[in-house]
Structures are given as C-alpha cells and as structure tokens.
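**Q** For reference, each letter of the sequence shown is one residue, going 1 to 426 in the working numbering.
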Amino acid sequence: MKLTPLEPWIARKIGQTQFARADLKRYQLEKLRETIQLARTKSLFYRQHFANAPHDLATLDDLAQFPFTTAQDIRALPLLFLCTSQDDIHRVVTLDTSGTTGNPKRIYFTRDDQELTIDFFCVGMSTFTDPGDMVLILLPCERPGSVGDLLALALGRIGVRAIEYGHGKDERATLDVLAREKVTGIVGTPTQVLALARQPNASALRLKSVLLSTDHMPNAIVNAIERAWNCTVYNHYGMTEMGLGGGVECEARRGYHLREADMFFEIVNPQTGKPVAEGETGEVVFTTLTRRGMPLIRYRTGDLSRFIPGSCPCGTTLKSLARITTRLDGFVRLGESFITMADLDEAIFPIEGVLNFAATLTDEEFKITTRVVPGLETHAIPAIHIALESIPAIARAHLNINVLAQMPQGNWGKRTIVDRRSGANR
Ligand SMILES: [Zn+2]
1 MKLTPLEPWI
11 ARKIGQTQFA
21 RADLKRYQLE
31 KLRETIQLAR
41 TKSLFYRQHF
51 ANAPHDLATL
61 DDLAQFPFTT
71 AQDIRALPLL
81 FLCTSQDDIH
91 RVVTLDTSGT
101 TGNPKRIYFT
111 RDDQELTIDF
121 FCVGMSTFTD
131 PGDMVLILLP
141 CERPGSVGDL
151 LALALGRIGV
161 RAIEYGHGKD
171 ERATLDVLAR
181 EKVTGIVGTP
191 TQVLALARQP
201 NASALRLKSV
211 LLSTDHMPNA
221 IVNAIERAWN
231 CTVYNHYGMT
241 EMGLGGGVEC
251 EARRGYHLRE
261 ADMFFEIVNP
271 QTGKPVAEGE
281 TGEVVFTTLT
291 RRGMPLIRYR
301 TGDLSRFIPG
311 SCPCGTTLKS
321 LARITTRLDG
331 FVRLGESFIT
341 MADLDEAIFP
351 IEGVLNFAAT
361 LTDEEFKITT
371 RVVPGLETHA
381 IPAIHIALES
391 IPAIARAHLN
401 INVLAQMPQG
411 NWGKRTIVDR
421 RSGANR
C-alpha cells in the first residue's frame, strides 16, 4: 500500500526531510502563536473576541483557553475578520443565506491563501492520479478561484489533464464525454456521480478512481460506483472555511489524513466545549495556521467525527479523522429516537435505479421525493417503502410514508432531512 503523499509533503512544509510528530507539534505551536498575534493586531473582530484570552500559548493544549469562533460570528460582520487590506483580497466566497440572521457567510482569501489550497490539491490528487490521466471535474468551475478552477490548476501542475465540466448537465451527454475523452477519474458529489454510474450503458466504461466531496459519502453509493466502473472511490473532507480543502483519504481509506501543516484540528464535546479524550467522537474544530487574509481560530464546523487511534495501514503517523457521516444539526427527533440523512442514505441508495432523493417530514407525512432510472419506478418505489420501514426509529414512529418519483435533476449540495413539523411534534 502506498504511503499517503501528504506525509512527505507536510515534512517538507515544516522544514524536515522525514516526518516526526514532535517536529510537527513544534511547528504548529509556532504557527498558532503567529496566527493569534496576527489576528489580535490586525483584525477588529479578534481584538475584541480575545480581550479576556491568555496573552500567549506555551503549549498546543493552551489553545483550549481561547474562545470558539462560529459561523454566526462570520455572518454578523465578516469584514472585521480581515487581517489584510481589502486590496489584498483576491477571492471572496459567499455562502448560503440560510442562517438565522439571513446574512450570507463571506470568506476572504488572498492570492497566497489560494496558493495554499492549490498546493494541497496537487498533493491530495496525487494519491490516486498519475501524470497523463484525464479527470472530469463535476464541481463548480465557472469562476476563477472556484473549487473546480483551483482543482484544474492543481491537476495541471502534476501533469494530469482536467475537464472543467461543472454541475447539473444531462447524464447521457456526460457519459459520452467520459468515453470520448478517455477519462480515467471523476471528482464530484456523491449523488452526482451515482446518477452517472446508474445510467444504462454506464458500466461499459472503466475508470481508475473517483473522488467524492462536498457531502457525506454513503457506503451504498461507494459500492454502487465501484461496481459499475471497477474503480476505487476516495473521500475528501473540506469546506470553504478551511480554504476548500481539509483532508483526503489514502489507499487504506480509513479516514482522512489532514493538512496538518496548514490547520490545527481539535475534537470537542459539543455541549461543554471541552476537548474529548483521544478517539472519542465530538465536534470538529479547526484553526488555520498559514492563512493571512481571514484566519479562523477555533472555528466550530458543526461536523461530528473522531480521530482513529493508532497508525494508518498506509504507514503514516499523520492523524486519521474518521469519515464524516453527520452534523450536529443533522439529527431529526422521532419520538424517543433520532434519524439522520446517513441512515436514510444507507437504506435507500442500495435500491436498484435510485439516483437521488429528498426527505421532508410534515405533521401529516414523511415524504420522500426520488429520482429513479426511467422504467425502474415500479420496482424502486415499493422497495423504498420497505427499506424505510426497516429503520427501527421510523417503524416505531408509525409515520405515514409517501414516496413520489418526481424529483428533478439537480440538488447537488449538502442534503438534509427537511423538518416542517409544528413545534409540538418535533
Ligand atoms: Zn493512510
């Protein structure tokens, strides 16, 4: 098994020829101190936010004495985070407006900040692509500095050709491109790539590798894609706040190795905010170590995961963060139990012909709107009913399940259960 290329890359970045965790910890402490100093001096937000925080850190553990930064903080006044002049900002990413304040989240990057992302994409993609390969990018590519654009730049640097294809095009046309351009790998969201893999004739193609990103990755989707194309599916973890990239799986595929020279990761108890014991599940919190435009310090991601104890079968002593399957706000209460989108995914996606679905709970019913390969509806719809009733929390709640095959193509972002029940039923 090939050692993750992140290990020698991180060793180089911290000025060593061989990776050793003690060197990394020394480097991370130095960069944390620099980042906190920069934030306190230059950012109006952090100056106030850290008014009662310690003056400095003596160890990495001291970071736990600093307050968290949240998505709400960014929504409220994103410009106050800036540590450079606005002239030095090369790219602004505006994220959803679904927050309670209605303000969008804005994340700012300098040219150097973006360069860090491209550098990570080069190394991450080299895990499962080789020079001469051809990769189809199904992520947004349109704007300079968008995730697909930076990924294509990175692939070019490692000698891999890339097609900046973008979201939401007709699947048959996309399959034609895969065949015509002799594509060897795809980067996309799980449901997007599943919809391609489940088209009639898709299995005439052979691919080397698929990287799934943006949303959690159900095992049922991995299995369907690997079966269709005889390829290996890898998972990437990242969010815009991390500078798009956070970590990527190695050949062992037992969780993500992380950009530990660019970010310091913590797992905290979401209720108490205290660090959990090594190996326990909690909320993922990260601090940027090398970003200059808008450093994020102890940023709460809302994602739940844990560090997998021990070293990875690929041979690295880099940390392995377990695959993210759910978020803190992803649990929907049903009586005494909960369900998550991941529960529904693992029940529904094994069903032949299912391309995607959306789930909505109302006071009257549990509605599943699904998109199915034409001709397979009469098989898929009853199978979805049975699969849902096999989930104990759903069976106990005696929900009125309504499955409709009328979902349009699209909806490639993060998928959640929409809860429209009135307060009393929640
Ligand atoms: Zn590994």
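Backbone N, C-alpha and C fix where the C-beta goes; we use that ideal spot for every residue, glycine too.
At which residue ranges does the segment 372-406 contain complete beta strand (DSSP E) runs of 3 or more residues, listed in the order of the chain?
**A** Fully enclosed beta strand (DSSP E) runs of 3 or longer: 401-404.
**Q** So is the beta-carbon of histidine 257 under 7 Å away from any non-hydrogen atom of ligand 1?
**A** In the sequence shown, residue 257 corresponds to position 257, counting from 1. Yes; taking the cut-off as 7 Å, the Cβ of histidine 257 has a heavy atom of ligand 1 nearer than that.
**Q** With a CB to CB cut of under 7 Å and the five nearest residues on each side skipped, what residues in its chain are close to glycine 159?
**A** Working through the sequence shown from its first residue, we reach residue 159 at position 159. Result list for glycine 159: Pro131, Gly132, in chain order.
**Q** Leaving out five residues before and five after isoleucine 118 in sequence, what residues of the same chain have Cβ atoms less than 7 Å from its Cβ?
**A** As a first step, residue 118 must be located in the sequence shown, where it is residue number 118. Within the same chain, isoleucine 118 has close Cβ partners Leu150, Leu153, Ala154.
**Q** Does DSSP put asparagine 223 in a helix, a strand or coil?
**A** Residue 223 sits at position 223 when you count from the first residue of the sequence shown. Helix, per DSSP.
**Q** Under 8 Å by Cβ, that's how I've got arginine 333 and aspartate 303 pegged, so tell me the actual separation to the nearest angstrom.
**A** Stepping through the sequence shown from its first residue, residue 333 is reached at position 333. Stepping through the sequence shown from its first residue, residue 303 is reached at position 303. About 20 Å; that fails the 8 Å criterion.
**Q** Quick one: is the Cβ of cysteine 314 within less than 7 Å of any heavy atom of ligand 1?
**A** Taking the sequence shown and counting its residues from 1, the one referred to as residue 314 is at position 314. For ligand 1, at least one heavy atom lies less than 7 Å from the Cβ of cysteine 314.
**Q** Between isoleucine 267 and the rest of its own chain, which residues show a CB-CB distance below 8 Å, the 5 nearest in sequence each way excluded?
**A** For this step, residue 267 is matched to residue 267 along the sequence shown. Once the five neighbours on either side are set aside, the close Cβ partners of isoleucine 267 are Pro275, Val276, Glu280, Thr281, Gly282, Glu283, Val284, Val285, Ser305, Arg306, Phe307.
**Q** Kindly provide the ranges of any alpha helix (DSSP H) runs that are 4 or more residues long and lie completely inside the segment 334-362, ordered along the chain.
**A** 341-348
**Q** Which residue's Cα is closest to the Cα of isoleucine 339: Gly124, Leu399, Gly293, Val372?
**A** As a position in the sequence shown, residue 339 is number 339, starting the count at 1. It is Leu399 whose Cα lies nearest to the Cα of isoleucine 339.
**Q** Would you say the beta carbon of threonine 317 is closer than 7 Å to some non-hydrogen atom of ligand 1?
**A** The residue labelled residue 317 in the question sits at position 317 within the sequence shown. Not so, every heavy atom of ligand 1 lies at least 7 Å from the Cβ.
**Q** Take leucine 77 and list the residues in its own chain whose beta-carbon comes closer than 8 Å to its own, dropping the five residues that flank it on each side.
**A** Taking the first residue of the sequence shown as position 1, residue 77 is located at position 77. The residues are Phe45.
**Q** Sort Cys250, Tyr234, Met263 by Cα distance to glycine 243 and report the nearest one.
**A** Here residue 243 refers to the residue found at position 243 of the sequence shown. Among Cys250, Tyr234, Met263, the Cα nearest to that of glycine 243 is on Met263.
**Q** Valine 354 and threonine 370: beta carbons closer than 8 Å?
**A** Position 354 of the sequence shown holds residue 354. Position 370 of the sequence shown holds residue 370. For the 8 Å CB-CB criterion, valine 354 and threonine 370 form a contact.
**Q** Using the rule of at least 16 other Cβ atoms within 10 Å of the residue's Cβ for burial, across every protein chain shown, is histidine 55 buried or exposed?
**A** As a working mapping, residue 55 is identified with position 55 in the sequence shown. Histidine 55 is exposed by the Cβ-count criterion.
**Q** Using only the alpha-carbon positions, how far apart do aspartate 62 and leucine 38 sit?
**A** Counting from 1 along the sequence shown, the entry for residue 62 is found at position 62. Counting from 1 along the sequence shown, the entry for residue 38 is found at position 38. The straight-line gap from Cα to Cα measures roughly 17 Å.
**Q** Pull up the CB-CB distance for isoleucine 351 and alanine 387, whole angstroms please, since I reckon it's below 8 Å.
**A** Here the question's residue 351 lines up with position 351 in the sequence shown. Here the question's residue 387 lines up with position 387 in the sequence shown. Their Cβ separation, rounded to whole angstroms, is 6 Å, which keeps isoleucine 351 and alanine 387 in contact under 8 Å.
**Q** For asparagine 230, count neighbouring Cβ atoms within 10 angstroms of its own Cβ and tell me buried if that reaches 16, exposed if not.
**A** Taking the sequence shown and counting its residues from 1, one reaches residue 230 at position 230. With fewer than 16 Cβ atoms within 10 Å of its Cβ, asparagine 230 is classed as exposed.
**Q** Only counting the same chain, and skipping five residues up and downstream in sequence, which positions put a Cβ closer than 6 Å to that of aspartate 419?
**A** On the sequence shown, residue 419 is found 419 positions in, with the first residue counted as 1. Taking C-beta separations shorter than 6 Å and ignoring five residues to either side along the sequence, the partners of aspartate 419 in its chain run Val332, Leu361, following chain order.
**Q** Label glutamine 86 either buried or exposed according to how many other C-beta atoms from any shown protein chain fall within 10 Å of its C-beta, with 16 as the threshold for buried.
**A** For the purposes of this step, residue 86 is taken as the residue at position 86 of the sequence shown. Glutamine 86 is exposed by the Cβ-count criterion.
**Q** Nearest-angstrom Cα distance between threonine 301 and lysine 169?
**A** Against the sequence shown, residue 301 aligns to sequence position 301. Against the sequence shown, residue 169 aligns to sequence position 169. The straight-line gap from Cα to Cα measures roughly 31 Å.
**Q** Comparing the CB of cysteine 441 with every heavy atom of ligand 1, is any distance shorter than 7 Å?
**A** With the chain covering only 1 through 426, there is no way to say anything about residue 441.
**Q** At a threshold of 7 Å, does alanine 76 count as lining ligand 1 (C-beta to nearest heavy atom)?
**A** By one-based count along the sequence shown, residue 76 stands at place 76. Set against 7 Å, the gap from the CB of alanine 76 to the closest heavy atom of ligand 1 is not smaller.
**Q** Counting C-beta neighbours from all protein chains within 10 Å, is the total for aspartate 329 16 or more, i.e. buried, or is it exposed?
**A** Taking the first residue of the sequence shown as 1, we reach residue 329 at position 329. Its Cβ having fewer than 16 others within 10 Å, aspartate 329 is exposed.
**Q** Compute the Euclidean distance between the alpha carbons of glutamate 260 and leucine 24, then round it to the nearest angstrom.
**A** On the sequence shown, position 260 is the one that residue 260 refers to. On the sequence shown, position 24 is the one that residue 24 refers to. Roughly 8 Å separates the two Cα atoms.
**Q** Under the assumption that leucine 116 contacts threonine 290 (Cβ atoms under 8 Å), give the Cβ distance between them as a whole number of angstroms.
**A** Reading the sequence shown from its first residue, position 116 is the one you call residue 116. Reading the sequence shown from its first residue, position 290 is the one you call residue 290. Confirmed, about 6 Å.
**Q** Quick check on the DSSP output: the beta strand (DSSP E) that includes tyrosine 108 runs from which residue to which?
**A** As a first step, residue 108 is located in the sequence shown; it is residue number 108 there, counting from the start. First-last of the beta strand (DSSP E) with tyrosine 108: 105-110.
**Q** Expressed to the nearest angstrom, what Euclidean distance is found between the alpha-carbon atoms of phenylalanine 68 and cysteine 250?
**A** As a first step, residue 68 must be located in the sequence shown, where it is residue number 68. As a first step, residue 250 must be located in the sequence shown, where it is residue number 250. Each residue's Cα considered, the two are about 30 Å apart.
**Q** Determine the extent of the beta strand (DSSP E) in which threonine 287 is found, giving its start and end residues.
**A** For this step, residue 287 is matched to residue 287 along the sequence shown. First-last of the beta strand (DSSP E) with threonine 287: 282-288.
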